[in-house]
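Working notes for the structure below.
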Amino acid sequence: MATYVTSDAHGHLRALDRALSLAAPGPADTLFVLGDMVDRGPDPVGVIQLVRGIPGVRVLMGNHERMMLDALLHDSDIDLGTWALNGGYATAPGLDRLPREEFSDIIDWIANLPLYDVVEAGGRAFILAHAGIDALAARGYLATAGVDCSEGRGASSASREQLMDMMAQQDPQDLLWIRDRFWAEPTGLVGKDGSGPVVIAGHTPSTALGFYAQAGEGVGVSEDGRGMVTPLGACDATGGVADRVDIDCAAAGGHEMGRVGILRLDDGATWYADVLEGE
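Numbers in the numbering used here are just positions in the sequence shown, counted from 1, shifted up by 696.
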């Protein structure tokens with residue numbers, strides 16, 4: 697049994713389908729989809745339908761699913777306008793074409809998606825969230841639970857239950873929207889010995905990481921100018937282990953820079969499918 701993660705397909709059904717064919721997760725494997733299935737690309741509803749049909753899939757909510765729900769469930773011009781400005785124009789027509797029963801089923805399913813999860817793979821714990829975490833708040837909560845991350849200890853002693861409790865205390869807005877504070881600073885959860893939980897997130901296109909992570913030009917960009925699965929934070933303080941991984945491969949950017957990436961947590965293997973022109 698292996699564990700795979702992808703995120704931010706943003707309506708690019710064909711690229712997601714090709715990436716899944718390359719990674720080929722089996723029926724006994726688990727695939728995590730960290731949100732932003734909808735908006736921007738040509739077939740957001742198709743992405744939802746494909747994802748829901750994958751055996752062993754576990755889906756988290758992204759900020760675009762949250763915006764969609766706010767627009768559809770609240771009688772607010774502001775929410776509708778916000779969704780439209782962020783790509784909802786690509787999702788709404790597909791939803792309108794659905795039979796009422798299927799529309800209701802999809803909306804109910806999305807409304808009940810969790811914001812986070814913690815999984816163990818390849819001998820390590822991974823914290824999963826759409827956008828990232830407030831690392832300072834995370835360390836503070838763990839300290840109250842008896843897990844002292846200071847002085848390079850990291851959080852390797854934290855149980856999955858403790859990490860899940862810590863995530864339950866995070867601000868939902870951070871889990872859906874955080875950028876600068878997450879990508880620019882170490883989490884402090886991976887210790888000097890290289891052990892401890894690694895955070896896997898999407899939301900921020902890897903092609904923009906140079907700005908948000910203050911890491912310089914070229915970070916998160918492949919040789920042909922496309923997004924890529926990007927580990928960050930490896931240094932002496934983490935025993936050379938990246939404490940954060942961005943898996944948003946910029947599909948929202950379309951065919952010029954975007955692709956869908958899939959990461960296997962067990963061994964770090966990656967697969968990509970470019971977003972092609974017209975899809």
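In this text, a Cβ means the ideal position worked out from N, Cα and C, and glycines have one as well.
Identity of the residue in the options nearest residue i by Cα
{"i": "residue 960", "options": "707, 762 and 727", "result": "727"}
{"i": "residue 655", "options": "973, 969, 743 and 975", "result": "In the structure displayed, the chain extends from 697 to 975; residue 655 sits before or after that span and is not available."}
{"i": "residue 911", "options": "901, 880, 932 and 885", "result": "880"}
{"i": "residue 905", "options": "932, 920 and 877", "result": "877"}
{"i": "residue 973", "options": "796, 798, 772 and 954", "result": "954"}
{"i": "residue 725", "options": "703, 899 and 698", "result": "698"}
{"i": "residue 704", "options": "950, 963 and 794", "result": "950"}
{"i": "residue 916", "options": "941, 935 and 934", "result": "941"}
{"i": "residue 762", "options": "739, 710, 870 and 817", "result": "870"}
{"i": "residue 846", "options": "934, 712, 706 and 964", "result": "934"}
{"i": "residue 793", "options": "781, 739, 750 and 758", "result": "739"}
{"i": "residue 885", "options": "923, 914 and 829", "result": "829"}
{"i": "residue 867", "options": "923, 716 and 833", "result": "833"}
Outcome for residue i when other beta-carbon atoms lying within 10 angstroms are tallied against a minimum of 16
{"i": "residue 967", "result": "buried"}
{"i": "residue 723", "result": "exposed"}
{"i": "residue 901", "result": "buried"}
{"i": "residue 770", "result": "exposed"}
{"i": "residue 839", "result": "exposed"}
{"i": "residue 948", "result": "buried"}
{"i": "residue 800", "result": "exposed"}
{"i": "residue 805", "result": "exposed"}
{"i": "residue 720", "result": "exposed"}
{"i": "residue 965", "result": "exposed"}
{"i": "residue 796", "result": "exposed"}
{"i": "residue 781", "result": "exposed"}
{"i": "residue 731", "result": "buried"}
{"i": "residue 914", "result": "exposed"}
Beta-carbon spacing of residue i, residue j below 8 angstroms
{"i": "residue 956", "j": "residue 760", "result": "no"}
{"i": "residue 894", "j": "residue 809", "result": "no"}
{"i": "residue 753", "j": "residue 733", "result": "no"}
{"i": "residue 644", "j": "residue 700", "result": "A question about residue 644 goes unanswered here, because the residues of the chain that appear run from 697 up to 975."}
{"i": "residue 887", "j": "residue 849", "result": "yes"}
{"i": "residue 865", "j": "residue 908", "result": "no"}
{"i": "residue 875", "j": "residue 946", "result": "no"}
{"i": "residue 939", "j": "residue 883", "result": "yes"}
{"i": "residue 843", "j": "residue 831", "result": "no"}
{"i": "residue 814", "j": "residue 807", "result": "no"}
{"i": "residue 790", "j": "residue 729", "result": "no"}
{"i": "residue 811", "j": "residue 825", "result": "yes"}
{"i": "residue 823", "j": "residue 859", "result": "yes"}
{"i": "residue 736", "j": "residue 783", "result": "yes"}
{"i": "residue 773", "j": "residue 766", "result": "no"}
{"i": "residue 744", "j": "residue 768", "result": "no"}
{"i": "residue 963", "j": "residue 818", "result": "yes"}
{"i": "residue 921", "j": "residue 890", "result": "no"}
{"i": "residue 710", "j": "residue 975", "result": "yes"}
In DSSP terms, what residue i is bridged to
{"i": "residue 797", "result": "None, per the DSSP bridge assignment."}
{"i": "residue 957", "result": "968"}
{"i": "residue 822", "result": "815 and 894"}
{"i": "residue 926", "result": "942"}
{"i": "residue 908", "result": "Answer is none; residue 908 lacks a bridge partner."}
{"i": "residue 754", "result": "728"}
{"i": "residue 934", "result": "In the DSSP output, where bridge partners are listed per residue, residue 934 has none listed."}
{"i": "residue 700", "result": "727 and 960"}
{"i": "residue 917", "result": "923"}
Between the region 927–940 and the region 879–896, can you find at least three pairs of beta-carbon atoms closer than 8 angstroms? Contact holds: three or more Cβ-Cβ distances are below 8 angstroms.
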